[in-house]
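All remarks here apply to the structure that follows.
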Amino acid sequence: MRLTCPLCGDRDRREFHYYGAEVYADRPDAGAALDAWDDYLHLRDNPAGETRDLWYHEIGCSAWIVVTRDTVSHRILQTALLTARQRQVGKFVYQEGDLREVPAKPGAATGGERP
Amino acid sequence: MASLIETTACEGLLPVATQDVTLGELPFACITSVAPFDGRQDAVAAALKAMGLGWPGPGQSVRAGDAACFWAGRDQAFLIGAAPEGLAGIAALTDQSDGWARMHLEGPGAEAVLARLIALDLRPAAFPEGAVARTGLGHMMAVLLREGPQSFQIMVFRSMAGTAVHNLHQAMRAIAARAAV
Chain A
1 MRLTCPLCGD RDRREFHYYG AEVYADRPDA GAALDAWDDY LHLRDNPAGE
51 TRDLWYHEIG CSAWIVVTRD TVSHRILQTA LLTARQRQVG KFVYQEGDLR
101 EVPAKPGAAT GGERP
Chain B
116 MASLIETTAC EGLLPVATQD VTLGELPFAC ITSVAPFDGR QDAVAAALKA
166 MGLGWPGPGQ SVRAGDAACF WAGRDQAFLI GAAPEGLAGI AALTDQSDGW
216 ARMHLEGPGA EAVLARLIAL DLRPAAFPEG AVARTGLGHM MAVLLREGPQ
266 SFQIMVFRSM AGTAVHNLHQ AMRAIAARAA V
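Written out as C-alpha cells, the structure is:
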C-alpha cells in the first residue's frame with residue numbers, strides 16, 4: 001500500500017504511523033465537560049463509505065496527513081496536510097489546492113459499486 | 116578536566132568498497148536546522164538568498180559552492196557547510212553538526228545498492244540531481260540527496276552510523292556477488 005504525502009509524493013505505507021479517525025486532532029479544551037472527553041477518547045463513528053483518518057509521516061517529512069478513504073471500496077480518495085484544515089461552522093474544510101486527489105487504480109472498485 | 120576524544124561519526128567504519136561501488140564518509144561540516152517562525156517564511160528565504168542560497172521547495176536542495184540548503188521536512192531545512200547568518204530571530208535554529216553521520220555512495224551500482232534498502236523510485240527521471248528525500252534506509256530515518264548520475268549523499272542519525280554502514284556494505288556485497296555469478 002502507498003499513501004500520497006502532499007509534500008513527498010507517493011510513499012510506502014511503512015513510512016507512516018496511523019493515528020485513527022480525524023477527530024483525534026480535535027482535542028477538547030482543558031475545562032471541557034466530561035462527556036466531551038469521553039466522546040474524544042472513546043467514541044468513534046464507523047461509517048460505511050467515506051471517512052477521514054490521520055497518518056503521521058514519521059519516517060519522512062514529519063507532517064500530519066489527513067487521508068480520505070472509502071471503507072466500502074477501500075479506495076483512497078484524497079490526502080491533505082492537517083495544517084491546511086480550516087474550521088468553519090461545525091465542520092472542517094480544506095481549500096481546493098490543498099487536497100491531493102488520488103487517482104483510482106485501473107480495475108479497482110469504485111464507490112459506485114457499493115452493495 | 117576530562118580529556119575527550121574527537122572522532123567523526125563513521126571513524127573506523129569507512130571507507131568500504133566493492134568492485135562497483137564505494138561508500139565513504141563526508142568531511143565534517145556545520146549543519147543547522149532552520150525552521151521559519153510563523154509568517155516569517157519570506158524573510159528566511161530572503162536571508163538565505165543573501166547567502167547565495169535560497170529556501171528549497173519540498174524534495175529539493177540549493178547549492179552554492181561548499182554551502183548547501185536541503186529541504187528536511189515540513190517547514191524545515193538543513194543549512195550545511197555555512198553559518199546561519201541573518202536568520203536569528205526569524206527562524207528556530209538548531210546546531211545539529213554532531214548529530215548526523217554523512218556518507219557518500221558512488222559508483223555504477225549505487226542505485227542498485229540503495230534499491231535494496233530504500234522504497235523509492237531512484238531512477239534519474241524520478242529522482243534527478245539535487246533531489247532530496249526524507250525516507251527510510253532499512254529501518255532508519257535518513258536524508259538522501261542525489262549528487263550526480265552515480266553518486267548519492269546519505270545522512271542518518273549519528274547513533275545509527277554503525278548499523279547504516281553495516282546495512283549499506285551488506286547490500287554492496289550482495290550486488291557485487293550477484294554480478295559475479
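Going down the list, the sequences are from chains A and B. Count the first sequence with the numbering used here and you get residues 1 to 115, in order. Count the second sequence with the numbering used here and you get residues 116 to 296, in order. C-beta atoms are modelled at their ideal positions from N, C-alpha and C, and glycine is treated no differently.
Asked	Found
Beta-carbon spacing of B:E140, B:M218 below 7 Å	yes
Interfacial residues, the stretch 257-285 of chain B to chain A, with Cβ spacing under 7 Å	none
Per-residue contacts from B:T122 into chain A (C-beta, under 8 Å)	Those do not exist, as B:T122 stays about 27 Å from chain A at its closest Cβ, beyond 8 Å.
Contact the stretch 224-234 of chain B vs the stretch 270-278 of chain B: 3+ CB pairs below 8 Å	no
Whole-angstrom distance between A:E22 and B:P130, CA atom to CA atom	47 Å
Identity of the residue in A:T4, A:E15 and A:R2 nearest B:R249 by Cα	A:E15
Exposed unless 16 or more other CB atoms sit within 10 angstroms - verdict on B:R261	buried
CA-to-CA distance, B:L237 to B:G245, given in whole angstroms	12 Å
For B:E297, three-class secondary structure by DSSP	Residue 297 of chain B is absent from the structure shown; chain B starts at 116 and stops at 296.
For B:A295 and A:R114, the rounded distance between their alpha carbons	Only weak support is given to the placement of A:R114: the predicted model assigns it a pLDDT of 49, under 50, and the question is left unresolved by the model.
N-terminal and C-terminal residue of the alpha helix (DSSP H) that B:G277 is part of	A276 to A295
Element boundaries [beta strand (DSSP E), containing B:V177]	S176 to A179
Nonlocal neighbours in the same chain, by C-beta distance under 8 Å from B:P243, ignoring five residues either side	R261
Sequence-distant residues of the same chain with beta carbon closer than 6 Å to B:M287, five excluded per side	T133, V136 and V228
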